[in-house]
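*Asks:* Sharing a structure with you now.
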Amino acid sequence: MRQVLFGARLFDGVRMLDDAALVIDGQRIAAIVPEAKRPDGAPCRDLGGGVLAPGLIDAQVNGGGGVLFNDIPTVEGIRTIAEAHRRDGTTGLLPTVVTDAPDVLDAALAAGCAAVKTVPGVLGIHIEGPFIDSRRAGAHWPAYIRPLTEPDVARILAAKAGAMLIT
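Numbering (our numbering), first residue to last: 5 to 171.
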C-alpha cells in the first residue's frame with residue numbers, strides 16, 4: 005500500500021529537507037518529493053512538525069531501560085534494552101557484553117543467539133573483551149582479561165548470534 009508522510013523536516017541521510025514528503029510503497033521508501041508534488045490518490049499523513057529520519061543503528065549498547073547487559077545477560081534483559089533504545093530512534097543494535105566471568109560471556113552469547121530471532125531490532129552481539137591487552141585494560145576488570153583461545157573461537161562461532169563484533 006502506498007502512503008505519503010509530510011509536515012516534518014526530513015533527514016535524507018545527508019541533509020535536512022524542509023517542505024518535503026516521503027512516499028512509502030509497502031515497506032520501502034519509494035521517493036522523496038517536494039511537499040507540493042505529493043502523489044495523487046495515496047493516503048497522506050501530516051506529521052505535524054518534528055523531524056523524520058531513518059532509524060539509528062548502535063553497535064555498542066551496554067544497557068538501557070534500567071538494565072545493564074552484563075548484569076542481566078538474558079533474552080528478557082536484551083528485550084528491555086532494545087525497547088528502551090527503540091523509544092529514542094534506535095532501530096537496530098548490538099547488545100554489548102564487556103569483560104566479565106566466562107559464565108557471563110556464555111549467558112550473553114546464548115541470549116544474543118535467541119534474541120536475534122525473537123527481539124525486534126537485535127542484529128547480533130558485541131563482545132568487548134576479555135580478549136584484550138591487559139596493559140590497556142581501561143575500565144575492564146583485569147582479573148578477567150585473557151588471551152583468545154581456540155575453544156573460545158569455537159564457542160563464539162557456534163553461537164550464531166547474527167552479526168558479531170569482537171573488540
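Built from N, CA and C at the ideal position, the CB exists for glycine as well.
In angstroms with no decimal places, state the Cα-to-Cα distance between A4 and R83.
*Replies:* Since the displayed the chain opens at 5 and closes at 171, residue 4 lies outside it and no answer follows.
*Asks:* When you compare each of P99, Q7, D92 and I136 to C48 by their alpha carbons, which one comes out closest?
*Replies:* The option with the nearest alpha carbon to C48 is Q7.
*Asks:* Quick one: grab the DSSP three-state call for H144.
*Replies:* Looking at H144 - three-state DSSP - the assignment turns out to be coil, as it is neither helix nor strand.
*Asks:* Are at least three pairs of beta-carbons, each pair with one atom in the stretch 55-68 and one in the stretch 83-99, less than 8 Å apart?
*Replies:* Contact holds: three or more Cβ-Cβ distances are below 8 Å.
*Asks:* Got a sec, what are the start and stop residues for the beta strand (DSSP E) V27 sits in?
*Replies:* Note, V27: beta strand (DSSP E), A24 to D29.
*Asks:* Among the candidates G54, F135, A46 and V120, whose CA atom is the shortest distance from the CA of L21?
*Replies:* Checked all of G54, F135, A46 and V120; the closest Cα to L21 is G54.
*Asks:* In whole angstroms, give me the CA-to-CA distance for H130 and A167.
*Replies:* The alpha-carbon atoms of H130 and A167 are separated by roughly 8 Å.
*Asks:* Quick check: the stretch 134-154 against the stretch 99-106, are there 3 or more CB pairs under 8 Å?
*Replies:* Enough Cβ pairs lie closer than 8 Å, so yes.
*Asks:* With distances taken Cα to Cα, identify the nearest neighbour of I160 among A40, P99, L109 and S138.
*Replies:* Of the candidates A40, P99, L109 and S138, the one whose C-alpha sits nearest the C-alpha of I160 is L109.
*Asks:* Alpha carbon to alpha carbon, what distance is there between V65 and K121?
*Replies:* Straight-line Cα distance between these residues: approximately 18 Å.
*Asks:* Once DSSP output is grouped into helix, strand and coil, what is the label at T84?
*Replies:* T84: helix per DSSP, three-state reduction.
*Asks:* Return helix, strand or coil for A63, following the three-state DSSP convention.
*Replies:* Strand.
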